[in-house]
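Working notes for the structure below.
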Amino acid sequence: NAGVMQNPRHLVRRRGQEARLRCSPMKGHSHVYWYRQLPEEGLKFMVYLQKENIIDESGMPKERFSAEFPKEGPSILRIQQVVRGDSAAYFCASSPDRSHNQPQHFGDGTRLSIL
Amino acid sequence: GQQVMQIPQYQHVQEGEDFTTYCNSSTTLSNIQWYKQRPGGHPVFLIQLVKSGEVKKQKRLTFQFGEAKKNSSLHITATQTTDVGTYFCARNTGNQFYFGTGTSLTVIP
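Chains as they are written, first to last, in this note's numbering: chain A, 1 to 115; chain B, 1001 to 1109.
As structure tokens, then:
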């Protein structure tokens, strides 16, 4: 079974450009979480989505950041007008449901670098 | 409130020595999960603890959940170079997972 697939693995953008990060959850998983990780820091929750629904986006900056998980296709984390401070590793994780007892399965992440 | 604190932040050990990382919460946890992240890699689920006082073992790794369900520990016996990485605990509040700050383990051959 394919695991959580994220692409691209590395993304370089200039300040002011847009960054689009994609995540395909594991087969059978309908819950997707996005996290940001700065170097030598922990994972910071950003947003939790189910198919066609944003369940919790309390960890996501109010401006420039958006996320979606359409009925068909991968989940997308979109960052508009990127700034240097957006440079980080962005991880997606999926689980089969929102049960408290479900582990999260992580993708390899997208390393975003802003020039 | 929702955060989990981990200590120490960094730990260097000689290969063969033991290692322990601690996870503490100010509130009672319904469960605690542990993950390992290798340098340059992604977090990988290790285990989940649910019951008060629960102890689980995976080969050289021993996971413990406190009686009050406010703290947890991960102990590695006789570390090996393959144990290198950052170990995170995480709590689940339904909609969100809160990850601890992590303990970065370096094993010196």
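We treat Cβ as the ideally placed atom computed from N, Cα and C, and that holds for glycine.
Note that this is a predicted model, so its numbers are computed, not measured.
DSSP three-state call for residue i: helix, strand or coil?
i: G85 of chain A; result: helix
i: D56 of chain A; result: strand
i: T110 of chain A; result: strand
i: T1021 of chain B; result: strand
i: T1028 of chain B; result: coil
i: T1082 of chain B; result: helix
i: N7 of chain A; result: strand
i: H31 of chain A; result: strand
i: L115 of chain A; result: coil
i: L43 of chain A; result: strand
i: L116 of chain A; result: Within the shown structure, residues of chain A are numbered from 1 to 115, placing residue 116 of chain A beyond reach of any answer.
i: A93 of chain A; result: strand
i: V1050 of chain B; result: coil
i: K1056 of chain B; result: strand
Below 8 Å on the Cβ atoms is my guess for residue i versus residue j; work out the distance and round it to an integer in Å.
i: N101 of chain A; j: Q1048 of chain B; result: 6 Å
i: T1077 of chain B; j: R1060 of chain B; result: 5 Å
i: N1071 of chain B; j: N1024 of chain B; result: 5 Å
i: Q1114 of chain B; j: T1093 of chain B; result: This structure cannot settle anything about residue 1114 of chain B, because the visible part of chain B is limited to 1001 through 1109.
i: K1057 of chain B; j: T1028 of chain B; result: Incorrect: roughly 24 Å between the Cβ atoms, too far for contact.
i: R120 of chain A; j: I114 of chain A; result: Only positions 1 to 115 of chain A appear in this structure, which leaves residue 120 of chain A out of reach.
i: Q37 of chain A; j: A88 of chain A; result: 6 Å
How about residue i: is its Cβ closer than 7 Å to a heavy atom in the ligand COA?
i: C92 of chain A; result: This structure does not include the ligand COA; it has no bound ligands of any sort.
Note to self: For the pair the region 30–39 of chain A and the region 13–20 of chain A, tell me if three or more CB-CB distances fall below 8 Å.
What the structure shows: no
Next item on the list: Check each residue of the region 1045–1076 of chain B: if its Cβ is closer than 8 Å to any Cβ of chain A, include it; give the result in chain order.
Entry: Taking a C-beta cut-off of 8 Å against chain A, the contacting residues of the region 1045–1076 of chain B are F1045, Q1048 and V1050, listed in chain order.
Item checked: the region 1003–1014 of chain B touching the region 50–67 of chain A, judged by at least three CB pairs closer than 8 Å -> Short answer: they don't touch.
Check: What residues in the region 53–74 of chain A bring their beta carbon closer than 8 Å to a beta carbon of chain B?
Finding: Residues passing the 8 Å Cβ filter: I55, D56, S58 and G59.
Notebook entry, point to check: If you measure beta-carbon to beta-carbon, which residues of the region 1081–1102 of chain B are closer than 9 Å to chain A?
Noted result: T1086, F1088, A1090, N1092, T1093, G1094, N1095, Q1096, F1097, Y1098, F1099, G1100, T1101 and G1102
Next item on the list: Using a Cβ-Cβ cut-off of less than 8 Å, list which residues of the region 26–41 of chain A approach chain B; keep chain order.
Entry: Y33, Y35, E40 and E41
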